[in-house]
Amino acid sequence: MFSLDAPLQPAVEGFVDPENGESQHTTHLNNVVMQIHRNTSIQDLITLLGPQLTHVQDKRRSRATLLLAEVLTRLPELKLAADTTHLLLVFFVERLADTPSLGPCLKALSALLSFHAAAVPAADILLLLESLFSLPSPIPTLGQAMRKQCFQLMNIVLELNVVDTHGARVLMEGFLAAMDGEKDPRNLLLCLQLASALLTAFPSNVDADLIRLFFHVTSCYFPITFKPPPNDPYGITSAQLVAALRSVFIAHDSMAKHVVPMVLDKLSRTTVTDMTVDMLDTLAFCCTRYPLNRLLTQFTPVATTVYRSILHGDNQAVIAAATATLRAIAKAVSPPSSLPGMQALAWSKFVVHVVQTALRDMQDQAMDSMVSLRAATVLTGVAAQSAAGLTYVLESSLPFLLSRVSAAAAALPTSSCCSTSSQLEAALACLVGLLDCIDVDVDHVTPPVLPHVQPIQAALVQSFHFASAHVANSSRPQRLCLQGLAKLVLRPPSPLLQDDSVHSLVDLWTTVVLTHAAADVRAEATAALKATANKSAVLAHHVRERSLPPLMHVVASPEDVLAVLAELSTEPSIFMALVLPLCQLGLGINPNQPLLQLHPQTKDIASAVANIVRLNQLNVACIDACVLPTTATTSVVQLLVDTVVHHVRQQLELNGHALLNHDDDAVTVTLVPPTAVILGVVMQHGSIQAQETLLQYVLSLFLT
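Right, dumping it as structure tokens:
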């Protein structure tokens with residue numbers, strides 16, 4: 001049992017005795033620690049331990065050493081004279097050669113250096129290091145826990161920052177020999193962190209041989225493939241190991257000439273997705289942190305490898321990682337730079353090389369090929385990282401892209417092949433992607449896109465009209481054109497377009513909203529108008545003055561459109577194409593709705609249909625088409641009459657077959673008058689066959 005007044009000698013004997021159990025050892029240890037803390041000196045304890053420290057039994061000798069280590073560890077504020085500290089340290093250093101006592105010695109030395117470092121001279125620390133690295137059993141042969149103690153002791157020595165040039169060399173070489181071949185993730189994480197710290201702490205002491213040694217010992221772990229077991233109690237993760245290893249790679253500039261070629265070589269030989277992604281991420285991490293002058297011989301191979309990974313990546317994860325690497329390095333070599341000469345060389349070897357390679361591939365392939373599509377992501381990846389990148393990419397690639405856009409658009413009227421519209425779409429997507437690289441936050445004195453605004457705008461407008469007229473299977477080319485035009489207005493912090501150019505774009509968007517057949521294209525134009533109006537007061541004024549009047553006119557006079565349709569319907573083919581769809585629009589027939597859902601303008605539409613039929617009453621073929629459908633499955637007369645009859649019967653069922661007041665029924669009031677007009681025109685001007693068909697149809701309704 002623990003007692004404040006327990007004598008020291010029995011407590012010492014009880015702890016040292018290997019036959020006692022763990023609980024007894026703990027009690028005796030607590031008694032010893034309390035006695036030392038209260039009034040007993042460490043020298044008295046050493047005197048009592050004398051016979052045990054030199055005992056022939058390994059376990060007793062080890063436990064005696066452990067008792068001293070526990071006292072030093074548990075009493076961090078224990079007052080020790082400098083000579084006592086020196087004697088203790090020398091004792092434990094010499095005792096390192098006693099393998100059974102190695103663990104306790106390491107623990108004691110860690111406590112001495114952690115809590116009494118001020119009293120430890122540099123010579124003693126050097127003695128400790130030399131002894132630690134010349135153990136009878138080399139550190140790599142020790143058990144996991146003891147190896148970890150050794151690495152922790154080295155870390156304590158490093159943090160003291162007292163070793164001289166020779167001591168630093170001894171520490172680094174000894175550490176590397178100790179770490180070589182380490183496999184336990186708990187120790188490996190500590191080793192990698194220590195390796196990075198050593199390279200950072202002694203940069204001037206690291207020569208080419210040491211760098212080579214650091215690289216040799218640590219690079220064998222790349223790439224990290226560790227997967228922690230389920231319910232791992234130690235909490236070591238793959239991400240921690242990856243981060244620690246990358247920190248080693250960048251801890252000294254001289255590592256660059258070893259690390260980058262190694263990563264490139266492994267990238268060329270691996271097909272495993274996770275490993276490839278890690279290698280690409282590591283390449284980005286390192287290349288953005290090494291000084292430019294350390295990478296001048298590596299930038300072109302790096303650019304080639306990254307580009308190849310984007311172009312030929314097996315899956316989206318690899319392509320995304322390669323694209324991120326491209327962007328990171330392109331940003332790192334973009335001006336301004338503290339090393340303008342080096343920056344110019346780096347820019348040429350990386351950015352110029354990769355952009356020109358992408359352009360050559362795009363020129364050799366169709367725009368909608370996989371090679372061109374991925375090469376386009378390279379162009380946008382570089383352009384998005386800096387004003388210099390966007391400027392260079394536009395200067396290099398825009399003439400080619402505009403020529404491809406114009407050629408594809410011009411070929412639409414004479415081509416029946418879907419590949420033409422596909423190539424136009426791909427070229428437009430690349431062009432719009434470059435416009436998306438305009439920096440919305442930085443207002444450049446000379447914006448990169450400024451010299452190219454007019455040709456870009458002209459190409460997009462021309463392509464929109466060509467695509468609207470000749471591409472029926474997809475609305476994406478039109479939407480891309482509208483998106484690109486909107487980006488010219490919306491992305492630059494300061495306006496790039498003159499007022500007349502803005503006016504033409506607002507007019508175009510308004511026309512699209514009012515007239516385009518595709519709903520998604522109209523929505524794109526609406527979004528462009530909305531965003532333009534919200535960007536600035538000046539642009540809001542343009543939208544207000546140019547867009548509101550035509551929109552308000554349609555709202556104020558919707559009958560104008562119906563009147564125009566009526567005038568156009570006097571041409572027979574237009575009549576045939578117009579009457580039935582217009583009737584269906586007004587009725588708003590939906591098979592999923594049990595009740596009739598009329599269009600808000602049904603009355604005007606139905607009246608317009610009746611008017612169109614009346615205008616064409618002298619054309620027997622047109623009148624017959626109202627009763628005798630040609631290509632449609634139903635006729636105008638059948639559609640209108642069926643709708644009215646179905647509605648009346650439905651209302652009777654809902655009202656228990658009570659008589660209805662048709663003057664109060666909106667559907668009846670809306671549809672019956674124009675239907676009666678159409679029936680009258682058919683009976684007066686239709687052919688005999690049409691009249692007979694109508695009579696038979698109407699009579700059948702009364703008989704059912």
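Numbering (my numbering), first residue to last: 1 to 704.
Beta carbons are placed, not taken as given, at the ideal position from N, Cα and C, and that holds for glycine.
What you are looking at is a predicted structure, and each value in this text was computed from that prediction instead of being measured.
**Report entry** Exposed unless 16 or more other CB atoms sit within 10 angstroms - verdict on ASN616
**Finding:** Your numbering for residue 616 matches position 616 in the sequence shown. The residue is buried, with at least 16 neighbouring Cβ atoms inside 10 Å.
Report task. Note down the Cα distance separating ILE456 from SER268, rounded to an integer number of angstroms. Result -> Numbered from 1 along the sequence shown, position 456 holds the residue referred to as residue 456. Numbered from 1 along the sequence shown, position 268 holds the residue referred to as residue 268. Between ILE456 and SER268, the C-alpha separation is close to 39 angstroms.
Query - Buried/exposed call for GLN356, threshold 16 Cβ in 10 Å - result: What you label residue 356 is simply residue 356 of the sequence shown in a count that begins at 1. Label assigned to GLN356: exposed.
Report task. Taking GLN684 as the reference, give the member of GLN43, VAL620, THR643, PRO335 with the closest Cα. Result -> Here residue 684 corresponds to residue number 684 of the sequence shown, with the count starting at 1. Looking at the Cα atoms, VAL620 is the closest of the given residues.
Query raised in the report: Hey, how far is the Cα of ASP232 from the Cα of SER334?
Result: As a working mapping, residue 232 is identified with position 232 in the sequence shown. As a working mapping, residue 334 is identified with position 334 in the sequence shown. So the alpha carbons of these two residues sit roughly 44 angstroms apart.
Query raised in the report: Counting only runs that start and end within the stretch 78-123, where is the alpha helix (DSSP H) found for 4 or more residues in a row?
Result: 82-95, 102-115
Query raised in the report: In three-state DSSP terms, what is GLN24?
Result: Your numbering for residue 24 matches position 24 in the sequence shown. The answer is helix: DSSP assigns GLN24 an H, G or I state.
Report task. Would you check if the stretch 575-591 and the stretch 604-616 touch, i.e. whether three or more CB-CB distances between them fall below 8 angstroms? Result -> yes
Report task. Work out the CA separation of LEU194 and LYS349 for me, nearest whole Å. Result -> Taking the first residue of the sequence shown as position 1, residue 349 is located at position 349. Taking the first residue of the sequence shown as position 1, residue 194 is located at position 194. The straight-line gap from Cα to Cα measures roughly 35 angstroms.
Query - As assigned by DSSP and simplified to three states, the class of GLU19 - result: Here residue 19 refers to the residue found at position 19 of the sequence shown. Looking at GLU19 - three-state DSSP - the assignment turns out to be coil, as it is neither helix nor strand.
Report task. Figure out for me which residue from ALA388, PRO477, SER396, PRO447 has the closest Cα to the Cα of PRO412. Result -> In the sequence shown, residue 412 corresponds to position 412, counting from 1. With the sequence shown as reference, residue 412 is identified as Leu, and Pro is not the correct amino acid for it. Measuring from the Cα of LEU412, the nearest candidate turns out to be PRO477.
Requested in this report: Please work out which residues of its chain come closer than 7 angstroms, Cβ to Cβ, to ASN205, disregarding the five sequence neighbours upstream and downstream, and give them in chain order.
Outcome: Residue numbering aside, residue 205 sits at position 205 when the sequence shown is read from its first letter. Cβ within range, chain order: THR165, ALA168, ARG169.
Query - Helix, strand or coil at GLN498 [DSSP, three-state] - result: Numbered from 1 along the sequence shown, position 498 holds the residue referred to as residue 498. Coil at GLN498, not helix or strand.
Query raised in the report: Helix, strand or coil: which one does DSSP assign to ILE211?
Result: Numbered from 1 along the sequence shown, position 211 holds the residue referred to as residue 211. In this structure, ILE211 counts as helix in the three-state DSSP scheme.
**Report entry** Among ILE156, VAL259, LEU296, THR297, the one whose alpha carbon lies nearest that of LEU280
**Finding:** Numbered from its first residue, the sequence shown carries residue 280 at position 280. When only C-alpha atoms are compared, the closest one is VAL259.
Requested in this report: Would you grab the beta carbon distance between LEU587 and LEU598 for me? Rounded to a whole angstrom, and I think it's under 8 angstroms.
Outcome: Position 587 of the sequence shown, counted from the first residue, corresponds to residue 587. Position 598 of the sequence shown, counted from the first residue, corresponds to residue 598. Their Cβ separation, rounded to whole angstroms, is 7 angstroms, which keeps LEU587 and LEU598 in contact under 8 angstroms.
Report task. Output yes or no for whether 8 angstroms exceeds the beta carbon distance between VAL609 and VAL682. Result -> Along the sequence shown, read from residue 1 onward, the residue named residue 609 stands at position 609. Along the sequence shown, read from residue 1 onward, the residue named residue 682 stands at position 682. Cβ atoms of VAL609 and VAL682: not closer than 8 angstroms.
**Report entry** Chain-order list of residues whose beta-carbon lies under 8 angstroms from that of ASN534 (same chain, five-residue window excluded)
**Finding:** Residue mapping note: residue 534 aligns to position 534 of the sequence shown, counting from 1. Hits under 8 angstroms: ALA540.
Query raised in the report: Once you ignore the five residues that flank ARG327 on each side, which residues in its own chain have a CB closer than 6 angstroms to its CB?
Result: Sequence index remark: in the sequence shown, residue 327 carries index 327 (1-based). These residues qualify, in order along the chain: GLY381, GLN385.
Query raised in the report: Where does SER700 land, buried or exposed, given buried means 16+ other C-beta within 10 angstroms?
Result: For the purposes of this step, residue 700 is taken as the residue at position 700 of the sequence shown. When all chains shown are included, SER700 counts as exposed.
Requested in this report: Could you check the C-alpha separation between GLY14 and ARG186 for me, to the nearest Å?
Outcome: Numbered from its first residue, the sequence shown carries residue 14 at position 14. Numbered from its first residue, the sequence shown carries residue 186 at position 186. If I take the Cα positions, the gap works out to 34 angstroms.
Report task. In angstroms with no decimal places, state the Cα-to-Cα distance between THR626 and THR693. Result -> For this step, residue 626 is matched to residue 626 along the sequence shown. For this step, residue 693 is matched to residue 693 along the sequence shown. It should be noted that the sequence gives Cys, not Thr, for residue 626. Their backbone Cα atoms lie some 11 angstroms apart in a straight line.
Requested in this report: Return the residue from the list LEU345, VAL378, GLN343, SER238 that minimises the CA-CA distance to LEU359.
Outcome: Reading the sequence shown from its first residue, position 359 is the one you call residue 359. Nearest C-alpha to LEU359: VAL378.
**Report entry** Nearest-angstrom Cβ-Cβ length linking ARG61 and LEU53, presumed shorter than 8 angstroms
**Finding:** Translated into the one-based positions of the sequence shown, residue 61 becomes position 61. Translated into the one-based positions of the sequence shown, residue 53 becomes position 53. Their Cβ separation, rounded to whole angstroms, is 6 angstroms, which keeps ARG61 and LEU53 in contact under 8 angstroms.
Query raised in the report: According to the neighbour-count rule (16 or more other Cβ atoms, all chains shown, within 10 Å of its Cβ), is GLU77 buried or exposed?
Result: Walking along the sequence shown from the start, residue 77 turns up at place 77. Looking at its Cβ environment, which holds fewer than 16 other Cβ atoms inside 10 Å, GLU77 is exposed.
**Report entry** Residue ranges of each alpha helix (DSSP H) within the stretch 322-367, 4 or longer
**Finding:** 340-347, 353-364
Query raised in the report: Do the stretch 513-524 and the stretch 446-461 meet, that is, are 3 or more Cβ pairs less than 8 angstroms apart?
Result: no
Query raised in the report: Whose C-alpha, out of GLU94, PRO673, GLU395, is nearest the C-alpha of THR602?
Result: If you number the sequence shown from 1, residue 602 lands on position 602. Closest by alpha carbon: PRO673.
**Report entry** Chain-order list of residues whose beta-carbon lies under 6 angstroms from that of SER569 (same chain, five-residue window excluded)
**Finding:** Position 569 of the sequence shown, counted from the start, is the residue given in the question as residue 569. Excluding sequence neighbours, SER569 sits near PHE575, LEU578, ILE612.
Query raised in the report: Taking Cβ positions, are ALA82 and PHE92 nearer each other than 8 angstroms?
Result: Residue numbering aside, residue 82 sits at position 82 when the sequence shown is read from its first letter. Residue numbering aside, residue 92 sits at position 92 when the sequence shown is read from its first letter. No, these two residues do not count as a Cβ contact at 8 angstroms.
Query - Whole-angstrom distance between LEU485 and LEU505, CA atom to CA atom - result: Position 505 of the sequence shown, counted from the first residue, corresponds to residue 505. Position 485 of the sequence shown, counted from the first residue, corresponds to residue 485. Distance between the alpha carbons of LEU505 and LEU485 is about 7 angstroms.
Query - Contact check, SER475 vs ALA518, beta carbons under 8 angstroms - result: Numbered from its first residue, the sequence shown carries residue 475 at position 475. Numbered from its first residue, the sequence shown carries residue 518 at position 518. In contact: SER475 and ALA518 (Cβ atoms closer than 8 angstroms).
Query raised in the report: Can you tell me the Cα-Cα spacing of PRO493 and GLY341, whole angstroms?
Result: Walking along the sequence shown from the start, residue 493 turns up at place 493. Walking along the sequence shown from the start, residue 341 turns up at place 341. Going by the C-alpha atoms only, they are around 31 angstroms apart.
Requested in this report: Could you tell me whether the stretch 245-264 touches the stretch 290-303, using the rule of 3 or more Cβ pairs below 8 angstroms?
Outcome: yes
Requested in this report: Work out the CA separation of ARG404 and SER372 for me, nearest whole Å.
Outcome: Translated into positions along the sequence shown, residue 372 becomes position 372. Translated into positions along the sequence shown, residue 404 becomes position 404. Between SER372 and ARG404, the C-alpha separation is close to 12 angstroms.
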